[in-house]
Structure formats: structure tokens, C-alpha cells
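Per my numbering, the sequence shown runs over residues 1320 to 1783. In what follows, a single structure is set out as C-alpha cells and then discussed.
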Amino acid sequence: MDRRTFLATPLLASAATAARPNFLFLIADDLTYNGIRAMGNHEVETPNLDRLVSQGCAFTHCFHQGAWLGAVCVASRSMLNSGLSAFRVQKQMESVPLWGQTVGQAGYSTAIVGKWHLSKSALEKSFQEHSKVFMGGMYESGPEAYNRPAPGNTWTPWDKSLKGQWMQAGALQPQAGDEIKHSAQIWAECAAERLTAMAAGENPFFLYVGFTSPHDPRQAPKEFVDMYPASKVAVPANYLPEHPFDQGDHKLRDEVLAPFPRSREAVQVHRSEYYAHITYLDRQIGVILDALEKSGKASNTYVVFTADHGLAVGQHGLMGKQNMYDHSTRIPLIVAGPGVKRGRRVDELVYQHSVFATTCDLAGVPVPKTVEFPSLAGWLRGAGKGPAGPESVFCYYRDFQRSVRTKEYKWIVYPEAKRTQLFDLRKDPGEMRDLSGDGRYAGVRVRLEGMLKEHRRVLGDGLG
């Protein structure tokens, strides 16, 4: 049975009518919410993820809750794997039941391949099998990967000698003469092998696959880069040569990938390579879905796809994710599997870190009392609309930024820069027109300030 046939197969009416479900969890690195064609970006080709969207439930307004350091992925993955909120997770993660640990103790076979980027002790606590793991946050790359394109810089995404995503096939135990492969291919092959073995076992399985794509260095085979000629890639409507003020960490490593000011041509180059990397990632996801089909366990397996956070890639004069704009705080979340209505779209505000509680709920595993993010299973079951989401979501970045977002508005506070921003998201989804000084929005501002204050109180935000 090919992948298209599998994805066209009617899903079971209820997980309760079948054997205990399996879970295949796929997480990308630096993938923004609309980095998938089926989620609204018609420049990028993502056929495997598009079919997953069509056969499952897509949460269109999914967010992460923030970060206390420049490596936003560490914070996001900490919340995902512990269920703890943004400020408590920094002190309590090592002392609470973790996601993989929880389902493992409930009788699941658990394994991880790919990126972890949390502590070794948390890894060993979480997964029974963890021999094929990358502990770091990003791969080694030379100075040519930065400040580009610039005169004399000949860096190309397909040059396998430049390391980065191009690794020895035996990257975890390299040997002389190993074939050079892309990290996404390595992790997909590892995942397919592990999935096949786990599916042959007696226990239900939970396989966590952490890709390091499409994080920079944004490398892909030439055939994928050729799909996106830079001169034909659209410059985003909210493009700026530079951010209008220093929002904090203005020139950390993510931001020096491209020169200042950002030319339109530079943005096109970076977005071209970003799309190529996404499409290559999508190809490798297809390898894993093929393995799931061949295993005979596809009909009783929930496939969850998400990312740790988004990325600017030239929007608002920014390249990274250390900001409060939707392109960086909003991420894809797709769930397909037994009983999930095909083609469902949920527009409620949710946090990605709810995946822990959601999988426990779907598996009939008690959710640890320490988990703070609620299950999303109510939207996955049956034909109804599901419960109402929260009125607003909170996000922050270090001491530099705080934000609150409703479906209609976003309010951002920059404590150190002593600036604020207010956006009417219905009229201005690209967040280009700051209304914080517009008297007509005074009431909105007061309401959002109150919401932000309450989020900070509940979450234990100690910033004065």
C-alpha cells in the first residue's frame, strides 16, 4: 500500500474500539506556522505534509510560550517534554515525570532518534532506546555560512564539504570513508529502522523523531535548491531592511546570517534556501510514513507533526526567532490517526506544549499532576467543534520582550527598550502597523495590558 492509499483510508471511529494506539511524533526545527503548502504558503512544495493535513486535524493557531535564552528550542522542548510552563520549567524539569517516561511506565516501548538538545539525565529518564541522538542544538558550519550573500562569499547549500547538515552517514560513530548524507536523510533512515523494529514488538510504541531541519545552515541537494530560484521567490509584505528598534539581542548569531541592512536580494536567497530545506525535509518525512505503512500499524497510529518554534527569514528586518511576531512564535501542529476527523481545522489558540497531555489522553494514560498544558484531544474526537480555547496566549523572550495575543489583537511590551506595539491582527495579519499610540484603541490596550498582567501573575513571571 503506497502512502497516498494509506492517507486515504478511513480512520477508526474511536481509539477505544481498537488496540492501544501507537504514537509517531515528528518535530521540525525552525519551521514557521505557514511553512507548509497546505497551511497557506503556495511557494513551498510539501506533498507529504499536505496529505497529512488533509487526513488529520491542523491547529492553525498553535504557539510556544517563550524562552529564557537565545536557544529558543531548548525552552520550547523543555515545556513539551515536561508539560511545565515557561518559568517553572527552568527550575523543575529534572524533578517531574517527563513525557516519554510517563508513557513508557504505562507499558509503551519508547525510543528517540535525532535532535534532543536537553540534558542527558532527562534523555535517559525519558526513553528506553536513545542510542541515535544528537544532543546539540545545531551543526558545525564555517564562517561562510554567515553574512550572506556578500561579495566573495561562494557558500552553496549543496556543497557537502561544508559540513553543517552534510554529515558522515555514521555520524554518531563516524568511520573513515563513510558516505556523506544530509542530516534529514540520516534521521529519517534511523527512524524508519527503529519504527519497523518497534512495530514488530508486542507493546504499543512511542517514537520521537527530532529533525534538525530546516534550521541553518539551510542546506539541501542542488535539485531542491533549483526548485526555488532566488530571483523568483517573493519578498514578504512585511519586509524591512532593519527592525525599527533594538528589540533585544538584535545581533545575536541568528541575526548575523544575513548582512545589515537586509537587502531584498538577501532575503530572497535565504528564503529560497529555507524552502529548499523544507521540501527536502518533507521528502524524508515521506520515508518514515512509508515505513509506518509497511509496518501494518498505520491504522492504529497517531502521527503528530509540529515544530519547536517559527522563524523570521527576512520579515520585520529579522532573520531569527527571538521575537514576538507570529512568524516566530506560531508553529504548525498536525495530528492524524484513529478517530480524527479528516481535514479538520481548529482555529482556537493552543500551545504546542499540550502534546504531552494530549497523547496521554488518547492512550488512556493518566496525565501527571505536574503537567500544566491541557489536552487537545477534545478537538480530535468526534465530529463536533470541540471545546473553546483560551481567550489569549502569552509569550516572552528573556527580559527583553513580553506579549499577549488574542484572536483579534497582539500587545507586545519591550521593558528594556521601553517600547510597546499593538497590532489589529484582523486588519493587519503581517503585524506592520503599530497602533499602540492610536487613541481609538485605548480601550483595547487597557484590556490587553490587564490580560498580560494576569498571565504573568499566574505563570510566576518575576520580571519587575
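Cβ atoms here follow ideal geometry from the backbone N, Cα and C, with glycine treated the same way.
Under 7 Å between C-beta atoms of A1556 and G1749:
yes
At what residue ranges does the region 1430-1478 contain a whole run of the beta strand (DSSP E), taking only runs of 3 or more?
1448-1453
Taking all protein chains shown into account, decide if I1499 is buried (16 or more other Cβ within 10 angstroms of its Cβ) or exposed.
exposed
Pick helix, strand or coil for Q1374, following the three-state DSSP scheme.
helix
F1624 burial status per 10 Å Cβ neighbour count (16 or more: buried):
buried
For the region 1348-1357 against the region 1366-1375, are there 3 or more C-beta pairs whose distance is under 8 Å?
yes
Residues bridged to L1625 (per DSSP):
Sequence inspection shows Thr at residue 1625; the Leu mentioned does not correspond to that position. I1346, L1652.
Got a sec? Which residues, its chain only, sit under 6 Å from F1344 by beta carbon, not counting five neighbours each side?
Y1527, V1623
Using a 10 Å radius around the Cβ and a threshold of 16 neighbouring Cβ atoms, would you call P1560 buried or exposed?
exposed
V1665 versus T1379: straight-line alpha-carbon distance, rounded
6 Å
Alpha-carbon to alpha-carbon, A1610 and Q1566:
45 Å
Where does V1765 land, buried or exposed, given buried means 16+ other C-beta within 10 angstroms?
exposed
For the putative contact between A1577 and S1532, defined by C-beta atoms under 8 Å, what is the C-beta separation to the nearest angstrom?
Actually they do not touch by this definition, with Cβ atoms about 19 Å apart.
Across which residues does DSSP place K1500 in a beta bridge pair?
M1486
Looking at C-alpha atoms only, which residue of T1678, G1708, H1646, G1683 is the closest neighbour of Y1670?
G1708
Only counting the same chain, and skipping five residues up and downstream in sequence, which positions put a Cβ closer than 8 Å to that of F1382?
T1648, R1649, I1650, L1668, V1669, Y1670, Q1671, V1712, C1714, R1724
Measuring only the C-alpha atoms, how far is M1770 from G1781?
16 Å
Among the candidates K1746, R1745, R1717, whose CA atom is the shortest distance from the CA of V1287?
Past the boundaries of the shown model lies residue 1287; the chain is included only from 1320 to 1783, so the question cannot be answered.
Measure how close the beta-carbons of V1415 and F1525 come, nearest whole angstrom, since I'm counting them as under 8 Å.
Their Cβ separation, rounded to whole angstroms, is 18 Å, which puts V1415 and F1525 out of contact at 8 Å.
Return helix, strand or coil for Y1547, following the three-state DSSP convention.
coil
What residue does the beta strand (DSSP E) around Q1720 start on, and which one ends it?
1720-1724
Would D1349 be called buried (16 or more neighbouring beta carbons within 10 Å of its own) or exposed?
buried
Considering only the beta carbon of each residue, do Y1599 and F1543 sit closer than 7 Å?
yes
So the candidates are G1756, Y1760, R1738, L1699; which of them puts its Cα closest to the Cα of Y1728?
Y1760
Buried or exposed for P1523, please, with buried defined as at least 16 other CB atoms from any protein chain shown within 10 angstroms of its CB.
buried
Roughly how many angstroms lie between the CA atoms of G1683 and N1619, to the nearest whole one?
14 Å
Pull up the distance between the alpha-carbon of K1613 and that of A1519, whole angstroms please.
11 Å
What do you get for H1361, buried or exposed, if any count of 16 or more other CB atoms within 10 angstroms of its CB means buried?
exposed
Count the other C-beta atoms from every protein chain shown that fall within 10 angstroms of the C-beta of A1334, then say buried if there are 16 or more, exposed otherwise.
Since pLDDT at A1334 reaches only 37, below the 50 mark, its modelled position is unreliable, and the value read off the structure follows with that caveat. Answer is buried; the Cβ neighbour count reaches 16.
Work out the CA separation of N1472 and V1575 for me, nearest whole Å.
14 Å
Measure the CB-CB distance between S1445 and Q1420 and report whether it falls below 7 Å.
yes
L1417 by DSSP, collapsed to three states: which one?
coil
Could you check how far apart the C-beta atoms of Q1409 and A1430 are, in whole angstroms? I think they sit under 8 Å.
Not confirmed; about 27 Å, so no contact.
Cα separation between S1673 and G1633?
29 Å
Mark T1351 as exposed unless 16 or more other C-beta atoms lie within 10 angstroms of its C-beta, in which case mark it buried.
buried
Thinking just about the alpha-carbon of each residue, which of A1631, D1627, L1695 is nearest to the one in V1554?
A1631
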